[in-house]
Each structure stands twice: as C-alpha cells, then as structure tokens.
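Counting in the numbering used here, the sequence shown runs from 12 upward without gaps. Think of the CB as a built atom: it goes at the ideal place given N, C-alpha and C, for glycine as much as any other residue. Just so we're clear, the structure is a prediction, and the values are computed from it rather than from any experiment. Below you'll find the structure, written out as structure tokens, and then a few comments.
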Amino acid sequence: MAQASPMAEQATEKGLCGLTPQQLFFYRENGFLSPIPAFTQQEARALRASVEALEREYRSAPGGRDLNQYFRVNGHVVLPLLAEMARTPAILDAVATILGDDLMVWSVELFIKEAGTAKIVSWHQDLTYWGMGETDEELTAWIALSDVSREAGCMRFIPGSHKNAIVAHQDTFDADNLLSRGQEIAGIDEGQAVFGALKPGEMSFHHGRTFHASGPNRSADRRIGVAIRYVTPHVKPVDGPADYAMLVRGQDHNSAWINIASPTRPFEPHSLKLYEEILAAQAAVLAGGAEGAVSLYETKTGEAGSRTTEGSI
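Next comes the structure, spelled out in structure tokens:
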C-alpha cells in the first residue's frame with residue numbers, strides 16, 4: 012500500500028475552515044483528500060451519542076421501515092440530526108473551496124459497521140449508477156464519528172483514478188459486498204492504494220470517479236461514519252425522472268433538482284411521504300441495466316446493515 016496523504020499536517024494547521032491551496036491542489040490531482048478537520052473529538056462523541064440515542068428510541072421506526080434503512084439512504088430527509096450535519100459551516104467551507112459557494116446535498120448516509128463484521132465494499136466509482144453522468148461538480152464528504160483505522164476497515168483510494176471516465180463494473184451480487192449490486196472494478200493494483208484512516212471528527216473527501224473500497228471491521232468497536240454527497244446546482248440528472256436535493260449554501264440558479272427542506276422533527280408524516288417519493292425515483296435509476304434484483308434495502312436478520320446506493324464505507 013502507498014503511504015497516507017501528506018495533507019494531514021496541513022489540514023491540522025488550517026483548522027476548521029476552508030482548504031489551503033496545497034490541499035485543493037492535492038484533491039484535484041489525486042481525487043481524494045484525507046484527513047480534514049470537521050468536528051472536535053468531543054463534538055464527534057456527542058454526535059455518536061445522538062446516533063445511538065436514535066437507535067434506542069426508534070427500535071421500531073415509523074413509516075414501515077427498519078431504522079437502519081433510513082440511516083443508510085437519504086437519512087437527511089427524515090432525520091434533523093443528519094440534515095444539520097450537512098449544514099455544518101466547517102464542512103461547507105471546505106467543500107466550497109472545491110465546488111464553489113452554491114451547494115446542494117443529494118444524499119446523506121449513516122454507515123455503521125459493527126465490530127467483527129466480514130462485510131466489505133469492493134473497488135468502485137460512485138458516479139457509475141447515480142444518473143449524473145461524468146460530472147466534476149460533486150464530491151462526498153465522509154465524516155468519522157468513531158475511530159476509523161485500517162483495522163476497522165477504513166477506505167482506500169487509488170490516486171488520480173478520477174481522471175478516468177466511468178469504467179466498466181461487474182455486478183457480482185456477492186452476499187458479503189455491501190454495494191447494491193455487488194459491483195466491482197477488476198484489475199486494481201492494490202499496491203497503489205492509499206489508506207484513508209480517520210480519527211473521530213475527521214473527514215475525507217473523494218470525487219465520484221475516484222476508485223475506492225473498504226475492508227471488514229476487525230476492530231473491537233463499531234465503525235460509524237456519515238457520508239454527505241454534495242453537488243452544485245449545475246449538475247443535472249441525466250437518467251430517469253427528476254431527482255431531489257437540499258440547498259445548504261448559496262443559491263439554486265435554475266437548477267434541475269427538486270429542492271427539499273430540512274426536517275424539523277424525526278419522521279414527520281410529510282417527510283416520510285417525501286422519502287418514499289425520492290426512493291422510488293432513485294431506485295429506478297440504480298437498477299438500470301442490472302441482470303439481478305436490485306434493492307436500496309437489503310437488511311438481513313443478524314446483520315448490522317443493508318446494502319446502499321454506493322457504499323463508501
């Protein structure tokens with residue numbers, strides 16, 4: 012494996028604000044950046060406690076779905092905690108350095124890998140099945156709420172791979188692969204991969220064409236992370252029906268997105284209805300061309316999580 016990003020020291024010096032020119036250059040050249048400060052460790056612990064409080068309070072979630080299913084796809088639509096995280100000024104400042112001041116959130120996903128799980132995420136590119144084409148005006152901010160070490164199965168990135176077009180992915184539907192179709196890119200040179208280990212409160216950025224993967228959580232603690240998918244209003248859904256996004260900074264100039272508001276309380280009736288509308292629209296795009304059955308939700312008894320739209324976990 013290659014060495015970790017040299018941006019760690021610069022990120023620490025910069026603190027909770029926009030990226031340095033060196034960090035911006037690194038991201039544009041490599042297609043990822045890690046680690047970046049997002050929250051203090053104390054704030055991260057408080058956010059983790061809030062997540063685990065939701066788990067205790069909503070063992071039977073409203074709307075007829077398991078709570079983890081709301082966690083794993085578009086949680087910002089029904090959970091104020093996740094919508095508020097997506098509006099965190101320190102995160103938005105860093106994202107705006109790359110994408111500009113007009114920012115929308117396409118999805119927020121909470122990933123919990125329990126200790127000792129064998130589940131993995133194969134090498135893939137996010138944009139493959141998102142229905143946004145080859146756009147550069149998006150990125151994922153992945154925020155650690157627990158220790159995300161190599162042992163815990165942190166993400167791995169192939170530097171510079173975002174300069175490729177979207178490449179062919181093979182659908183495997185492997186039971187241990189958390190991606191919706193078990194999709195994977197063949198022939199990856201693991202020797203080029205860079206580990207993206209994170210401490211609680213740190214985050215990584217990656218481009219939607221960057222090759223990335225993650226391994227099993229062999230640590231003694233849960234691995235908890237939040238993935239926020241940011242886009243600009245210039246991004247247009249190119250496959251399927253109109254899609255939805257939440258404006259979090261700046262203005263939406265003639266956007267092709269259906270703009271949604273943040274929820275004010277967990278699982279409000281109108282939010283649950285909207286959630287199902289968004290799910291139907293996105294599931295149709297995700298399943299395009301698949302030879303097997305594809306579902307955004309595949310929770311199995313005894314497993315910590317369901318499959319997800321992309322799986323940057």
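Once DSSP output is grouped into helix, strand and coil, what is the label at Glu149? strand
When the Cα atoms are used, what is the spatial distance from Ala301 to Ala294? In this prediction, Ala301 has a pLDDT of 46, which is less than 50 and means its spatial position is unreliable; what the coordinates show is noted afterwards. Distance between the alpha carbons of Ala301 and Ala294: 12 Å.
Between which two residues does the beta strand (DSSP E) containing Phe50 stretch? Counting along the chain, Phe50 falls outside any beta strand (DSSP E), and DSSP gives it neither H nor E.
Name the one or two DSSP bridge partners that Leu258 has. Met115
According to DSSP, Phe36 sits in a beta bridge with which residue or residues? In the DSSP assignment, Phe36 is bridged to no other residue.
According to DSSP, is Ile109 helix, strand or coil? helix
Please tell me whether Pro274 and Ala94 are closer than 8 Å, where the distance is taken between their beta carbons. Their beta carbons are under 8 Å apart, which means Pro274 touches Ala94 by this criterion.
With 16 other CB atoms within 10 Å as the buried threshold, where does Arg67 fall? exposed
Distance between beta carbons of Ser230 and Ala155, contact taken as under 8 Å: 13 Å between Cβ atoms; not a contact.
Reference Glu279; option with closest CA among Val178, Ala57 and Pro91: Pro91
Spatial distance of Ser375 from Arg276 (CA atoms): Since the displayed the chain opens at 12 and closes at 324, residue 375 lies outside it and no answer follows.
Any heavy atom of the ligand MG closer than 7 Å to the beta-carbon of Ser118? No copy of the ligand MG appears in this structure; indeed no ligand is present at all.
Identify the continuous beta strand (DSSP E) that holds Met166 and give its terminal residues. Met166 to Phe168
Determine the DSSP secondary structure at Ile154, reduced to helix, strand or coil. Shown here, Ile154 sits in a strand according to DSSP, grouped into three states.
Can you have a look at Lys130 and say buried or exposed, based on whether 16 or more other CB atoms are within 10 angstroms of its CB? Its Cβ being crowded by 16 or more others within 10 Å, Lys130 is buried.
What would DSSP say about Lys1, mapped onto helix, strand or coil? The shown model of the chain, from 12 to 324, leaves out residue 1, and the question about it has no answer.
Can you tell me whether DSSP reads Tyr69 as helix, strand or coil? Three-state DSSP puts Tyr69 in coil, outside helix and strand.
Please determine, among Gly142, Ala152, Phe168 and Gln80, the residue with the shortest C-alpha to C-alpha distance to Pro204. Before going further, note that residue 204 is Ala rather than Pro in the sequence given. When each option's Cα is compared against that of Ala204, the closest is Phe168.
For His217, the three-state DSSP class (helix, strand or coil): strand
By the 10 Å Cβ neighbour count, where 16 or more other Cβ atoms means buried, how is Lys124 classified, buried or exposed? buried
Tell me Tyr241's beta-bridge partners as DSSP assigns them. Val116 and Leu150
With Ala152 and Phe216 assumed to form a contact (beta carbons below 8 Å), what rounded beta-carbon distance in angstroms separates them? 6 Å
Does DSSP put Leu30 in a helix, in a strand, or in coil? coil
Output the distance between the C-alpha atoms of Tyr69 and Gly144, rounded to the nearest integer angstrom. 37 Å
Neighbour-count burial assignment, Phe36, 16 or more Cβ in a 10 Å radius: That one is exposed.
Give the DSSP-derived three-state secondary structure of Phe278 in the structure shown. The answer is coil: DSSP assigns Phe278 none of H, G, I, E or B.
So the candidates are Asp104, Arg234 and Arg220; which of them puts its Cα closest to the Cα of Gly226? Arg234
Leu209 - DSSP class collapsed to helix/strand/coil: strand
Lys79 by DSSP, collapsed to three states: which one? A small fix is needed here, since residue 79 is Asn in this sequence, not Lys. Looking at Asn79 - three-state DSSP - the assignment turns out to be helix.
In chain order, what residues of the same chain have a beta carbon less than 8 Å from the beta carbon of Ala272, not counting five sequence neighbours either side? Met257
If distances are taken between C-alpha atoms only, which option among Thr221, Asp147 and Tyr241 comes closest to Val178? Thr221
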